[in-house]
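Enquirer: In the numbering used here, the protein residues as written are 1238 to 1478.
For glycine and all other residues, C-beta sits at the position ideal for the given N, C-alpha and C.
Take this structure first; my questions come after.
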Amino acid sequence: MQLIIKKNPADLAKAAADFIVKRIKDTLKKQDRFTIALSGGSTPKALHELLAKAPYVDQIPWLQLHVFWGDERYVPIDDEQNNAGMAYDTLLGHVYTPEDQIHVWRTDLEPDAAAADYDRVLHAYFGDSGSSFDLVLLGMGDDGHTLSLFPGTEVVHEETAWTKAFFLTQQNMFRLTLTAPITNRAACIAFLVAGPKKAEPLKEVLEGEYNPDKYPSQVIKPVAGELVWLVDEKAAALLKK
């Protein structure tokens, strides 16, 4: 695991943008496409806005990107809570990546059908290679959740299925999510975490006892890939120095 601490959210977003550009360039020296899973939230939004403008926008071969999302709220794509909608507004609507290389969760289908559809798309894309995404970007909530793996939910312990739909009672909505098995097959997983409210859960996830029912981010453990935590100083405040 690699831990990178930056002074504030702005510096964190810049470090993440630099990291992503280098990762894309290095990967495309060895293969002809780069597969990324995006995240929702305020930190990724700032990152998207950086990537959509110079100097970053000119350094990324957008035609070779294939885009997925780690999870989605079960709301229409034009709803402000929709992760894909946010990504289009802040990034994808400003660059040219072919639409058939952008894979959104189908929130126009029933929840279980949307999860099954994404599962089919993923299996068709990755096949039986045993590989997964080149890069998965993740956030972490104040409660220690990541993706739509929330404390106390059964999906945290999923061992076989790649996608799940479930009703999250505390938010009174359905959520669609990738699971640990497919996520942990990625070549690289990068968490972006900022703010003082993340300090306690970050300390528990990284330094506390293993308790994924309370801190689901602990189930993210790449099988053979890299794990990187990009955090700001306020989020890292309680970590052992």
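Go through its chain and collect everything with a Cβ distance to VAL1312's Cβ below 8 Å, but skip five positions before and after it.
Expert: Indexing the sequence shown from 1 puts residue 1312 at position 75. So the qualifying residues of the chain are GLN1318, ASN1319, THR1344, MET1410.
Enquirer: Can you give the Cα-Cα distance for THR1383 and GLY1376, rounded to whole angstroms?
Expert: Residue mapping note: residue 1383 aligns to position 146 of the sequence shown, counting from 1. Residue mapping note: residue 1376 aligns to position 139 of the sequence shown, counting from 1. About 6 Å.
Enquirer: Of the residues PRO1438, ALA1431, TYR1355, GLY1432, which one's Cα is nearest the Cα of LYS1401?
Expert: The sequence position of residue 1401 within the sequence shown is 164, counting from 1. Here the closest residue by C-alpha is TYR1355.
Enquirer: Can you tell me the Cα-Cα spacing of ALA1424 and GLY1445, whole angstroms?
Expert: As a working mapping, residue 1424 is identified with position 187 in the sequence shown. As a working mapping, residue 1445 is identified with position 208 in the sequence shown. Whole-angstrom Cα-Cα distance: 25 Å.
Enquirer: Using the C-alpha atoms, what's the distance from GLN1296 back to SER1385?
Expert: One-based indexing of the sequence shown puts residue 1385 at position 148. One-based indexing of the sequence shown puts residue 1296 at position 59. The straight-line gap from Cα to Cα measures roughly 31 Å.
Enquirer: Terminal residues of the continuous beta strand (DSSP E) containing PHE1305?
Expert: Position 68 of the sequence shown, counted from the start, is the residue given in the question as residue 1305. Unbroken beta strand (DSSP E) run through PHE1305: 1302-1306.
Enquirer: Check whether the Cβ atoms of LEU1467 and ALA1427 lie closer than 8 Å to each other.
Expert: Counted from its first residue, the sequence shown places residue 1467 at position 230. Counted from its first residue, the sequence shown places residue 1427 at position 190. Cβ distance < 8 Å, so LEU1467 and ALA1427 count as in contact.
Enquirer: Once DSSP output is grouped into helix, strand and coil, what is the label at ARG1357?
Expert: Sequence index remark: in the sequence shown, residue 1357 carries index 120 (1-based). Note: ARG1357 maps to helix in three-state DSSP.
Enquirer: Note down the Cα distance separating GLN1239 from ILE1314, rounded to an integer number of angstroms.
Expert: Here residue 1239 refers to the residue found at position 2 when the sequence shown is read from its first residue. Here residue 1314 refers to the residue found at position 77 when the sequence shown is read from its first residue. The straight-line gap from Cα to Cα measures roughly 34 Å.
Enquirer: Is VAL1304 near ILE1273, with beta carbons less than 8 Å apart?
Expert: Taking the first residue of the sequence shown as position 1, residue 1304 is located at position 67. Taking the first residue of the sequence shown as position 1, residue 1273 is located at position 36. Taking 8 Å as the Cβ cut-off, VAL1304 and ILE1273 qualify as a contacting pair.
Enquirer: Return the CA-CA distance between GLU1441 and ALA1461, expressed in angstroms with no decimal places.
Expert: Here residue 1441 is taken as the residue at index 204 of the sequence shown, counted from 1. Here residue 1461 is taken as the residue at index 224 of the sequence shown, counted from 1. Straight-line Cα distance between these residues: approximately 23 Å.
Enquirer: Near HIS1340, which residues of its chain fall below 7 Å by C-beta distance, leaving aside the five closest residues on each side in sequence?
Expert: Within the sequence shown, the letter at position 103 stands for residue 1340. The answer, listed in chain order, is VAL1304, PHE1305, VAL1358.
Enquirer: Taking all protein chains shown into account, decide if THR1397 is buried (16 or more other Cβ within 10 angstroms of its Cβ) or exposed.
Expert: The count along the sequence shown starts at 1 and reaches residue 1397 at position 160. Under this definition THR1397 is an exposed residue.
Enquirer: So for LYS1440, helix, strand or coil by DSSP?
Expert: In the sequence shown, counting from the first residue as 1, residue 1440 sits at position 203. In this structure, LYS1440 counts as helix in the three-state DSSP scheme.
Enquirer: List the whole-angstrom C-beta distance separating GLU1309 from ALA1321, where the pair is believed to meet the contact cut-off of C-beta under 8 Å.
Expert: Numbered from its first residue, the sequence shown carries residue 1309 at position 72. Numbered from its first residue, the sequence shown carries residue 1321 at position 84. Confirmed, about 7 Å.
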